[in-house]
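One structure below.
Protein chains: 2
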Amino acid sequence: MDAAARAEEFRRRLDQAAEATEAALDSLLAPAPLADEITRPARLLEAMRYVSLGGGKRLRPFLVIESARLFGVEGASALRTACALEMIHCYSLAHDDLPAMDDDDLRRGRPTAHKAFDEATAILAGDGLLTYAFDVVADPATHPDASLRVSLVLALARAAGLGGMVGGQALDLAAETAATPLSQAETMQMQAMKTGALLRFAVDAGGILGGAAPAQKKALRRYGEALGAAFQIADDILDAEGDTAALGKRAGKDAERGKATLVSLLGLDAARTRCDQLVNEATTALAELGLGDATEILAEAARFVAARRN
Amino acid sequence: MDAAARAEEFRRRLDQAAEATEAALDSLLAPAPLADEITRPARLLEAMRYVSLGGGKRLRPFLVIESARLFGVEGASALRTACALEMIHCYSLAHDDLPAMDDDDLRRGRPTAHKAFDEATAILAGDGLLTYAFDVVADPATHPDASLRVSLVLALARAAGLGGMVGGQALDLAAETAATPLSQAETMQMQAMKTGALLRFAVDAGGILGGAAPAQKKALRRYGEALGAAFQIADDILDAEGDTAALGKRAGKDAERGKATLVSLLGLDAARTRCDQLVNEATTALAELGLGDATEILAEAARFVAARRN
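So the protein lines, in turn, are chains A and B.
Under this note's numbering, the residues of the first sequence are numbered -15 to 294, in order.
Under this note's numbering, the residues of the second sequence are numbered -15 to 294, in order.
Here you go:
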């Protein structure tokens, strides 16, 4: 495949994953109660749907689905894991947007959850999505093998928790009010936790679902880490250069807050160079999987992440 | 055992469970990073410790530990499950106390988390504890059997989620601004979700850990439901009668907000009678377990819950 065909195939698969994720989330968050539930409160459910449906590139679900596909795993196992991960990503956006955190009114071109509903509902919708993610992964419908499901739960909890996403958000908030900005190493660590951990989990999940060999799991991990770092630098570049309309969220926030990013630390050109290096690291890791052309779609994902305009 | 000896033995075991839980939570929330974590941000960890350490009767951990003990399960399996449940209980208090929710300044006689820290940190500490609870349960240190661990994860997620605790809190908040107060049936359902679901899980967890027979699991469930309902009525009675100093949190909140409780719906005397009935239901369910005197401590727990003064 030439570059254009590869890019087109990537877009097709990304759209496909987004559609499948949207439909599966819609079904998981349907008003009908589950067997073990007493009821699903209507307004809370509506807010959970608002937060998780109808938006986003669904990059994390795509990564789960495509990394699982590398090992021949398709269908409900990958899709339900993808949905659980997306629920956690979406809950984190709803909480990060709260007045007490980033205080944002706009997300994906729509009012944020606390604007569309109210603060209490936005907090509870986030709590509900976070909790439901573990319900979905632990459910036998995700995979017949209980030990595999519990491995996913553990990996997801670690990626999302105090040593991962939540911890990264705490470090990011602390940096805003700190006397000195974060160093480059601290910024990279904060970003590896805040954004990187969930992206890394997406790829790890494929390896867990597919029963990848230990060496393959290591290579997947390296791919996930490089992809996550590239994603974050691209995000910083977008925030520095982007306009609010294209982003669907407010641009220029980082500079406004005097926040250290790799762009502010290295400058735009060096940040772009670093991003390219990370794409190379990502594709090199994929080559080590020993799965040949099957990894092309994930290599394209790394290039896409680094070059994206929104 | 006579009534006084039973009550004394119950207090001893409750204190013992509280001490063990405190020590285990302290260790789980130690600053030293776990193997898979990049780091544990100091201020976030401090807030998670503030929210979960140094307070509370630890009734839920006690119920996990004692219901597991019925089936010969002791040690780390029960204690780690107890800690996970307590983390979820404590996170829910921190989020419920937020200005956007119940807006409370006092909890267990101390400033609430958003007062002691700040709102963003209180939200993140709650998110962190909720996430960590699933990490703790899913970890092989909790039990060697992965299918048992994943059963615990699933039961915990359902008890804590939109069909359980989070859903109940959403219904409770909605009722405050609704045109008409909740009916008795609606109030009971809201309470069964908001407070009952976690108490029920505590007892269910003992059955899961102990490999209880299906009929025993059903009897445990009936015990847990009756105990949970008795707990909530006792809570409503305390709020109606209690004083802030003894409660360690503000009393009289329900009436102030015109909130429907079983006390406001039935009156104090009928609420007390209903509470006594529930204690009977709880002890009858225990008798059906076919475990003889071993259940006396849980029967005493039901009596304690109904008669407690704080």
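Backbone N, C-alpha and C fix where the C-beta goes; we use that ideal spot for every residue, glycine too.
Next on the checklist: If we define contact as Cβ-Cβ less than 8 angstroms, is Q216/B a contact residue for chain A?
Outcome noted: No, no contact with chain A.
Checklist entry - Cβ atoms of H127/B and L211/B: under 8 angstroms apart, would you say? => result Going by C-beta atoms, L211/B is not nearer than 8 angstroms to H127/B.
Item to check | Whole alpha helix (DSSP H) elements within the region 20 to 91 of chain B, 4-residue minimum | outcome: Runs of the alpha helix (DSSP H) inside the region 20 to 91 of chain B: 26 to 36, 43 to 53, 60 to 80.
Next on the checklist: Measuring only the C-alpha atoms, how far is G112/A from L157/B?
Outcome noted: Rounded to whole angstroms, G112/A to L157/B spans 15 angstroms at the Cα level.
Next on the checklist: For the region 177 to 185 of chain B against the region 47 to 61 of chain A, do three or more pairs of beta-carbon atoms, one drawn from each stretch, fall closer than 8 angstroms, so that the two count as touching?
Outcome noted: Result no; under three Cβ-Cβ pairs closer than 8 angstroms.
Next on the checklist: Rounded to the nearest angstrom, what separates L69/A and R287/B at their Cα positions?
Outcome noted: Near 43 angstroms, if we compare the C-alpha coordinates of R287/B and L69/A.
Checklist entry - Taking the C-alpha atoms as reference points, what is the distance between A213/A and I281/A? => result Taking the straight line joining both Cα atoms gives about 18 angstroms.
Next on the checklist: Taking the alpha-carbon of D298/A as reference, which of L63/A, E160/A, M174/A has the nearest alpha-carbon?
Outcome noted: No answer is possible for residue 298/A: the residues shown for chain A start at -15 and end at 294.
Next on the checklist: I'd like to know whether the C-beta of T164/B is nearer than 8 angstroms to at least one C-beta of chain A.
Outcome noted: False, the Cβ-Cβ gap to chain A never drops below 8 angstroms.
Next on the checklist: I'd like to check one pair, M149/B with A143/B: are the Cβ atoms closer than 8 angstroms?
Outcome noted: For the pair A143/B and M149/B, the CB atoms are nearer than the 8 angstroms cut-off.
Item to check | Listed by chain order, chain A residues near F118/B by CB distance under 7 angstroms | outcome: Those within 7 angstroms of F118/B in chain A are F118, V137, A141.
Item to check | Straight-line gap, L204/A to G191/A (C-alpha atoms, nearest Å) | outcome: Their backbone Cα atoms lie some 7 angstroms apart in a straight line.
Checklist entry - Exposed or buried, M174/B, counting other C-beta atoms within 10 Å across all chains shown (16 or more means buried)? => result With 16 or more other Cβ atoms within 10 Å, it is buried.
Checklist entry - Can a CB atom of chain B be found closer than 8 angstroms to the CB of L69/A? => result At a cut-off of 8 angstroms between beta-carbon atoms, L69/A makes no contact with chain B.
Item to check | Cutoff 6 angstroms; reference A278/A; Cβ partners in own chain excluding five residues on either side | outcome: Leaving aside the five residues that flank A278/A on each side, the residues in its chain whose CB is nearer than 6 angstroms to its CB run, in chain order, L54.
Checklist entry - Along the chain, which unbroken stretches of the alpha helix (DSSP H) at least 4 residues long are found entirely within the region 104 to 163 of chain B? => result Correct list: 130 to 144, 149 to 161.
Item to check | Segment contact, 8 angstroms Cβ cut-off, at least three pairs: the region 70 to 78 of chain B with the region 28 to 46 of chain B | outcome: Contact holds between the region 70 to 78 of chain B and the region 28 to 46 of chain B, because three or more Cβ pairs, one in each stretch, are under 8 angstroms apart.
Checklist entry - Just the Cα atoms here: how many angstroms apart are V263/A and F215/A? => result It is roughly 10 angstroms from the alpha-carbon of V263/A to the alpha-carbon of F215/A.
Checklist entry - Do G208/B and M177/B have their CB atoms nearer than 8 angstroms? => result No, these two residues do not count as a Cβ contact at 8 angstroms.
Next on the checklist: For the region 38 to 48 of chain A against the region -4 to 9 of chain A, do three or more pairs of beta-carbon atoms, one drawn from each stretch, fall closer than 8 angstroms, so that the two count as touching?
Outcome noted: Three or more pairs of CB atoms, one per stretch, sit closer than 8 angstroms, so the region 38 to 48 of chain A contacts the region -4 to 9 of chain A.
Checklist entry - Closer than 9 angstroms, Cβ to any Cβ of chain A: which residues of the region 97 to 122 of chain B, in chain order? => result Residues H98, D102, E103, A104, T105, A106, I107, L108, A109, G110, D111, G112, L113, L114, T115, Y116, A117, F118, D119, V120, V121, A122.
Next on the checklist: Let's see if you can read the secondary structure: which residues bound the alpha helix (DSSP H) around G212/B?
Outcome noted: From DSSP, the alpha helix (DSSP H) with G212/B extends over 198 to 225.
Item to check | Option in M172/A, G180/A, A104/A with minimal Cα separation from K243/A | outcome: For the residues M172/A, G180/A, A104/A, the minimum Cα distance to K243/A belongs to M172/A.
Item to check | 8 angstroms Cβ cutoff met for A97/B and D123/B | outcome: No. Outside cutoff.
Checklist entry - Counting only beta-carbon atoms, is R27/A nearer than 8 angstroms to chain B? => result Interface residue (Cβ-Cβ distance to chain B less than 8 angstroms): R27/A is classified as such.
Item to check | Element boundaries [alpha helix (DSSP H), containing M174/A] | outcome: Segment 168 to 175, the alpha helix (DSSP H) holding M174/A.
Checklist entry - Going by beta carbon distance, what residues of the same chain come within less than 6 angstroms of D246/A, once the five residues before and after it are set aside? => result Asp is not the amino acid found at residue 246/A; the sequence shown has Leu there. The beta carbon of L246/A sits closer than 6 angstroms to those of I217, D220, A255, all from its chain and outside the five residues before and after it, given in chain order.
Checklist entry - For L262/A and chain B, any beta-carbon pair shorter than 8 angstroms? => result Between L262/A and chain B, the shortest Cβ-Cβ separation is not below 8 angstroms.
Next on the checklist: Considering only the alpha carbon of each residue, which of R64/A, F(-6)/A, G251/A lies closest to D10/A?
Outcome noted: Nearest option by C-alpha distance: R64/A.
Next on the checklist: Please tell me whether S11/B has its Cβ less than 8 angstroms away from any Cβ of chain A.
Outcome noted: No, because no Cβ of chain A sits closer than 8 angstroms to the Cβ of S11/B.
Checklist entry - Since H79/B meets chain A, which of its residues come closer than 7 angstroms, beta carbon to beta carbon? => result Correct list: I107, D111.
Item to check | Span of the alpha helix (DSSP H) around A291/A | outcome: Counting along the chain, the alpha helix (DSSP H) containing A291/A begins and ends at 280 to 291.
Item to check | S131/A at chain B interface by Cβ criterion, 8 angstroms | outcome: Chain B, which has a Cβ nearer than 8 angstroms to the Cβ of S131/A, makes this yes.
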